[in-house]
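Here the protein sequences line up with chains C and L, keeping their order.
Take the first sequence: its letters are residues 1 to 489, numbered as in my numbering.
Take the second sequence: its letters are residues 490 to 931, numbered as in my numbering.
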Amino acid sequence: MDRREVLTLAVTGRKPAGRRRDSAPVTHRKVNAGLEPYQPTPQQPWNRHRAAHLLRRARLGPPRRSEIDRFMKLGPVAAVAELFRFPPSPELPAWADEPIELPLDFEAEYRMQQELVAWWLRLAHADSSIRERLVYFWSNHFVVDMQKVFVARLILKINRLFRAEALGNIRALTRQVGQDPAMLIYLDGNLNTRYGINENYARELLELFTMGRGHYTQTDVTEAARALTGWRINPALLGAYRHPLLHDNGRKTFLGHTGHWNDEDIVDIIFEQHATAVFLARRLYRHFVSPVEDADLVQALADRLMAHDFALEPVLQELLGSAHFMADEFVGADIKSPLDFLLGLLRQFHATKIDWSFMGLILSVLGQTPFHPPNVAGWPGHRDWLSTSSLPFRQMLAQAAIYPSRWFVMDYHRFLHELPHPEDPRQLVRDVTTDFLPLALDERSETELLAILLGSLPPNQWNPYRPAAMARVRLLLQAVMQMAEYQLH
Amino acid sequence: MKVDRRWFLKLSGMATLAGGWRPAWAAPAPGTASSPVLVVLEMLGGNDGLNTVIPYTEAAYYDQRPTVAVPEDDVRPLDNRLGLHPGLAAWEPLWAASDMAVVLGVGYPDPDLSHFRSTDIWRGGSTAPVIATGWLGRHLEALYPDYPDVRPEAPLAIEVKSADTLLLRGRDQGMGMAVNDPAALYELTSGWLTVHQTPPPAGRAGDELVFVRSLAETSSVYAERIYSAFAATANAVAYPATPLATDLAMVARLIAGGLATPVYSVLLGGFDTHVEQAQVHPALLRTVADAVAAFQADLDALGMAGQVVLMTMSEFGRRVRDNGSGTDHGTAAPLFLFGRNVRGGFYGHQPDLRELDDAGNMIHAVDFRQVYASVLQQWFGASSALAADILDGEFPTLPLLAATAKTGRHAPARMPVQRRRPAPRREPADVLELIALRGEGL
Chain C
1 MDRREVLTLA
11 VTGRKPAGRR
21 RDSAPVTHRK
31 VNAGLEPYQP
41 TPQQPWNRHR
51 AAHLLRRARL
61 GPPRRSEIDR
71 FMKLGPVAAV
81 AELFRFPPSP
91 ELPAWADEPI
101 ELPLDFEAEY
111 RMQQELVAWW
121 LRLAHADSSI
131 RERLVYFWSN
141 HFVVDMQKVF
151 VARLILKINR
161 LFRAEALGNI
171 RALTRQVGQD
181 PAMLIYLDGN
191 LNTRYGINEN
201 YARELLELFT
211 MGRGHYTQTD
221 VTEAARALTG
231 WRINPALLGA
241 YRHPLLHDNG
251 RKTFLGHTGH
261 WNDEDIVDII
271 FEQHATAVFL
281 ARRLYRHFVS
291 PVEDADLVQA
301 LADRLMAHDF
311 ALEPVLQELL
321 GSAHFMADEF
331 VGADIKSPLD
341 FLLGLLRQFH
351 ATKIDWSFMG
361 LILSVLGQTP
371 FHPPNVAGWP
381 GHRDWLSTSS
391 LPFRQMLAQA
401 AIYPSRWFVM
411 DYHRFLHELP
421 HPEDPRQLVR
431 DVTTDFLPLA
441 LDERSETELL
451 AILLGSLPPN
461 QWNPYRPAAM
471 ARVRLLLQAV
481 MQMAEYQLH
Chain L
490 MKVDRRWFLK
500 LSGMATLAGG
510 WRPAWAAPAP
520 GTASSPVLVV
530 LEMLGGNDGL
540 NTVIPYTEAA
550 YYDQRPTVAV
560 PEDDVRPLDN
570 RLGLHPGLAA
580 WEPLWAASDM
590 AVVLGVGYPD
600 PDLSHFRSTD
610 IWRGGSTAPV
620 IATGWLGRHL
630 EALYPDYPDV
640 RPEAPLAIEV
650 KSADTLLLRG
660 RDQGMGMAVN
670 DPAALYELTS
680 GWLTVHQTPP
690 PAGRAGDELV
700 FVRSLAETSS
710 VYAERIYSAF
720 AATANAVAYP
730 ATPLATDLAM
740 VARLIAGGLA
750 TPVYSVLLGG
760 FDTHVEQAQV
770 HPALLRTVAD
780 AVAAFQADLD
790 ALGMAGQVVL
800 MTMSEFGRRV
810 RDNGSGTDHG
820 TAAPLFLFGR
830 NVRGGFYGHQ
840 PDLRELDDAG
850 NMIHAVDFRQ
860 VYASVLQQWF
870 GASSALAADI
880 LDGEFPTLPL
890 LAATAKTGRH
900 APARMPVQRR
910 RPAPRREPAD
920 VLELIALRGE
930 GL
C-alpha cells in the first residue's frame, strides 16, 4: 500500500499523509458522478479546460493549442471517439524481425537499443490517438526490462504485442504475455522446468499482473509455477514454445481447481476470479482518473470488465466519456510523468529537429529511462515522479528549452500563429497559461507574468513580430513552465 | 541581460525566492558536529543471508544447496561454526576490530514473500495491514513536529538514488530529501523565474499543487548548503569504482563537511537471485563489502568514525533449498551494523536448517524491530516509551551500540570546515547536457 491508497482512508476520517498541516484540510471530496455519460451543463460546460484534460489523460504528452481547439469543436462524444481512431501501424525499424544469432554482437545490440528508444519516442510524439498511451500503460503493467532482456528486437516484439492488443481482450493479452520471449527471459519463465521450479513469473503474474496480494496462498504460487513449466525461447524465430519434456503435466490444485493445468488454464482460472476484475479496474482507475481510489467507481468498472468479458475498448470508452472522469475534481489532480512532461514541452514549443536519442537521455535523468523501469512493479508514478532531485532538473529543462540547442529548435512562428491575439500581451499571457496549466491563475500571478513578458516595455508598444519579442516570449514560457501548476497532469 | 535569481527578485520586487520559508532559529538543530548519524544501506531484492553468513560446518547446508553452496574451504570463518562469504573478505578487519555486529536470523512473524509487501514492512518498521509511514520518518517527525513549516539548518534525511521512500515518510509528509549529486543540484536550482503563487484551490489538484511547491521550496532552500558541505572537504581514501561506493563517498563528504543531517539512506539492487546465483551473488556481496570497508576507513581518516553507524537491511532472505540455478524468496537473514560505537560480535542465533516452515523457509530468531528499537534508544537516545510509540509495540533491545566511542583508538581531530563558495554556475543548456550525457538518473 502506498501513500495515495492511504489517502483514500482520509475519506473515512483517518489522518491523511503527504500533506502539510498548515494548509487547508484535505478535501478529497467524493465525486458523486458515476459512469453515466458526461453531458455538458452550464455548471460543467464543455470548454478548453475539460478538452485539455481529456487530451492530457488519454494521450501521451499534453496537447498544443490547435489540438485543444479541435477537440472543443468536436464536442465530448466525438472527441472521445476520435481518440479511439488509431493511426496506421507504424513503420518498424529495419532489424525488427531479424533472427537472433548467437553469440550476440554487443555493439549492434546497443545500437538497436538506442534506435528502439528513438523510434518509440518519435511514434509517441506523433500519435494523435490513445494508442501509444495504452502501449505505455501495458508496458508499465506487464513489465519487462531491456537491461535484463537486452535484445532490442525482443523488447520491440512485446511492444508490438501491446500495440496490437492495446484495446483487445485482457485475458488474451495475459496469455500471450506469458508466452512472450521477453517476459520469459525477464521473469525467468524459460528456466522454470519440471526438474527445477522457478516461482518468479508465477508470483508476479498473481501479485502484479492480475489478482493482487491477499487472494492466493504460497501453495497457489508453487502450483501455478508447476503449470507454467516448460517454456523455452526460440531465438531464430524470436518466439517461444512449450517443451513437452520440460513441462510438468501432473495434477495441480490452483485456487481450488484441480487438473492437469498448463499456463493457459492458469490464466483462464485467474480470469474467473472477481479479484482479477477489481485489480485491473483499480489499475485503470489510477492511471486514467486519479491516484486516490474511489471504491465505488472501481467496483463499477470491475463489473463492466466482467460484463464485457475483459474486452478493454468499450470499458475504457465508457470511462473516458463518463461524468465521473470529466468532473472538475480530477482536472490537474495528478503529477506529470517525465514522458508527459517532455512530450508536452516539445509539442507546445512546436519543436523541430528533435534529437530523439538525446531525449532518451533526458528521460533517464528525469527518472524514466525508456524500457528500463525500476523493478517488476514498474514506475509507481504519481507523486513518486517528483523529488527534490528530479524537480530541479525539470525546472532547468524548462529554462534550457527556450534557447535553440542541438537537441531541438522551437518554431516560434508556428507557435505565434496558433495564438488568436498575440498582439495583445495580456491576452497572450492568458492564452498561454490556459493552454499550459490545468489550474486557473489569479490576477496577481497573471500580472507578474505580464511584467516578465513586457520587461520595461509599455503594453501598447508590444509587437510580437519584432525580433526582440521572441526573447520576451521565451522568458514568459520559462516562467510558466517553472510554475508548480505546470507539473500537474 | 543576464537572467538569474537576483535579476528576477529585482523585477518582481519579491523578498524571497523561498515562498513561505521561515528561518528555523527557534527549532533545535537536527545535529551538531558530535551528534549521531545513521546510514541505512538497503540490499534490494532479498539478499541470500544463508550465503552471506554461512554455516559452513552443517551438512544440511550442503545437502540442500547443491548448486549454490559455497565450499567450506572458501568460507572466511568468523568462529568455528559460521563464516563470511569470500566476497565479504574486506569485512574481516572490521570484525577483528570489533567494529562490526552480526545479528543472525532477523525476520518477523508470519513472513510475507512479496518483495513489495516485505519491503514496506522493513521500511515501515511495522507489520500492520496498512503501512503508510516509515520508522525513521516517524522518528524524525517526533523530533521535528513543525517540519517543514520550520525548516532546520540541514535536511533531516538524505536519500541517495531513491526519493520519498516509505523509510523516511512521516504522517504528514516525507522527511527526507533526494540528493544524488550536490553540484548538479546546486546548479539546477539557479535562475528559476518565480511569480506570485495563486492560492491552491480546494480539492485534489490543490493538494498536488501544495506538494509540488513544497518540494521546490525544499530543494532551493537546501541546495546551496548541501553543496557547501560537499565542497568543504574531500574523501581521505580511494573508493572502489562502483555506484554504491560513489554514493557512500558522497555521504562521507557531507558528514565530514559539517552538514547536520542525522539520517542517510543508500541502496544497491540486484539481490533477487532466482537464477545464476553462483555467478551474480559474489559480485554483489563484494560490491557491498568493499564500499562499506572504504566508507569506514574514510570516516576513520576524517575523524568521523565515532559519529556514524551504518546498518544494512534487505526485505527477506532466500529459500534454503536452491532451485537448480538460484534461490527463491525466503525469510530470516543476517543483518550488519558497522561503526566505532558498534559492539562487535554475534547477536541472535543462526536458524536451524532442519526446522523450516511449510514453504521450506527458516524461522526467525530476532525480530527486525528489536534492531530498530536498539538503534532508536542506544544511538538516537530515544526513550523506551518513544521507541515503543514509533514501533507500535515494545521490542526487547540488543546491546548493539555504545553511547560513546569505544576507547583504544583515538579519533583524529575534525578538519575545520571551510565554507567555500560554490563554483560559478554554467549555462542551463550546458548543465543539462553534462548531466544527461553522464547517463545517470537524478
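Here a beta-carbon is modelled for each residue, glycine too, at the ideal position from N, C-alpha and C.
Everything numeric in this text was worked out from a predicted model, so none of it was measured.
Beta strand (DSSP E) segment containing residue i, residue limits
i: Thr253/C; result: 252-254
i: Pro425/C; result: Note, Pro425/C: premise wrong, no beta strand (DSSP E); alpha helix (DSSP H) at 425-436.
i: Met802/L; result: 797-802
i: Phe71/C; result: Per DSSP, Phe71/C belongs to no beta strand (DSSP E); it is in the alpha helix (DSSP H), 65-83.
i: Glu531/L; result: 526-532
i: His257/C; result: 257-259
i: Glu648/L; result: 646-648
i: Ala108/C; result: No beta strand (DSSP E) holds Ala108/C; the alpha helix (DSSP H) holding it covers 106-126.
i: Ala595/L; result: Here the sequence assigns Val to residue 595/L, which means Ala is not the residue at that position. Counting along the chain, the beta strand (DSSP E) containing Val595/L begins and ends at 589-596.
Chain L residues whose Cβ lies nearer than 7 Å to that of residue i
i: Glu115/C; result: In chain order: nothing, as chain L lies at least about 17 Å away.
i: Gln478/C; result: Leu682
Nearest neighbour of residue i, chosen from the options [CA to CA]
i: Pro689/L; options: Val699/L, Leu682/L, Arg858/L, Pro544/L; result: Val699/L
i: Ile130/C; options: Ala164/C, Val144/C, Met112/C; result: Ala164/C
i: Phe137/C; options: Pro370/C, Pro458/C, Leu416/C; result: Pro370/C
i: Pro90/C; options: Ile68/C, Trp119/C, Arg64/C, Ala108/C; result: Trp119/C
i: His49/C; options: Tyr186/C, Leu441/C, Ala451/C, Asn169/C; result: Leu441/C
i: Leu121/C; options: Tyr465/C, Tyr195/C, Ala311/C, Trp356/C; result: Trp356/C
i: Leu682/L; options: Pro181/C, His489/C, Ile402/C; result: Ile402/C
i: Pro235/C; options: Leu74/C, Gln299/C, Pro425/C, Ala182/C; result: Ala182/C
i: Met802/L; options: Leu602/L, Ser607/L, Val526/L, Asp552/L; result: Ser607/L
i: Arg426/C; options: Arg394/C, Met410/C, Leu476/C; result: Leu476/C
i: Thr447/C; options: Val526/L, Gly614/L, Val684/L, Pro560/L; result: Val684/L
Residue i versus residue j - alpha carbon distance
i: Asp97/C; j: Ser139/C; result: 20 Å
i: Gly538/L; j: Pro618/L; result: 26 Å
i: Leu632/L; j: Pro751/L; result: 11 Å
i: Asn569/L; j: Trp261/C; result: 48 Å
i: Ala469/C; j: Asn463/C; result: 7 Å
i: Asp294/C; j: Val144/C; result: 29 Å
i: Ala516/L; j: Ser524/L; result: In this predicted model, Ala516/L has a pLDDT of only 34, less than 50, meaning its place in the structure is not dependable enough to derive any value.
i: Trp580/L; j: Ala786/L; result: 11 Å
i: Val860/L; j: Ile647/L; result: 21 Å
i: Gly61/C; j: Ala52/C; result: 11 Å
i: Leu284/C; j: His382/C; result: 14 Å
i: Val432/C; j: Ala718/L; result: 41 Å
i: Pro467/C; j: Tyr412/C; result: 11 Å
i: Arg898/L; j: Gln796/L; result: A caution first: Arg898/L carries a pLDDT of 38, below 50, which makes its placement in the model unreliable, though a value can still be read off. Spanning the two alpha carbons is a distance of roughly 14 Å.
i: Ala721/L; j: Ala749/L; result: 14 Å
i: Ala723/L; j: Leu889/L; result: 30 Å
i: Asn190/C; j: Val331/C; result: 44 Å
i: Asp856/L; j: Gly849/L; result: 19 Å
i: Arg808/L; j: Gly596/L; result: 13 Å
i: Trp514/L; j: Val755/L; result: In this prediction, Trp514/L scores a pLDDT of 32, lower than 50, which makes its location untrustworthy; the coordinate-derived value is nonetheless stated afterwards. Whole-angstrom Cα-Cα distance: 30 Å.
i: Pro634/L; j: Met589/L; result: 33 Å
i: Gly367/C; j: Leu450/C; result: 33 Å
i: Gly870/L; j: Glu313/C; result: 58 Å
i: Ala377/C; j: Pro458/C; result: 54 Å
Opening and closing residue of the alpha helix (DSSP H) in which residue i lies
i: Met739/L; result: 732-745
i: Pro338/C; result: 338-348
i: Asn234/C; result: Careful: Asn234/C lies outside any alpha helix (DSSP H), inside the beta strand (DSSP E) at 231-234.
i: Tyr861/L; result: 857-863
Residue i: contacting residues in chain L (beta-carbon distance under 9 Å)
i: Gly239/C; result: Simply none; closest approach about 21 Å.
7 Å Cβ cut-off: residues of chain C touching residue i
i: Leu674/L; result: Ser389, Pro392
i: Met666/L; result: Thr388
i: Ala848/L; result: Gln218
Heavy atom of the ligand PLP within 7 Å of residue i beta-carbon
i: Val557/L; result: The ligand PLP is absent from the structure shown, which contains no ligand whatsoever.
Whole-Å CB distance - residue i paired with residue j, under 8 Å assumed
i: Arg70/C; j: Gln348/C; result: Rounded, the Cβ-Cβ distance is 15 Å, inconsistent with contact.
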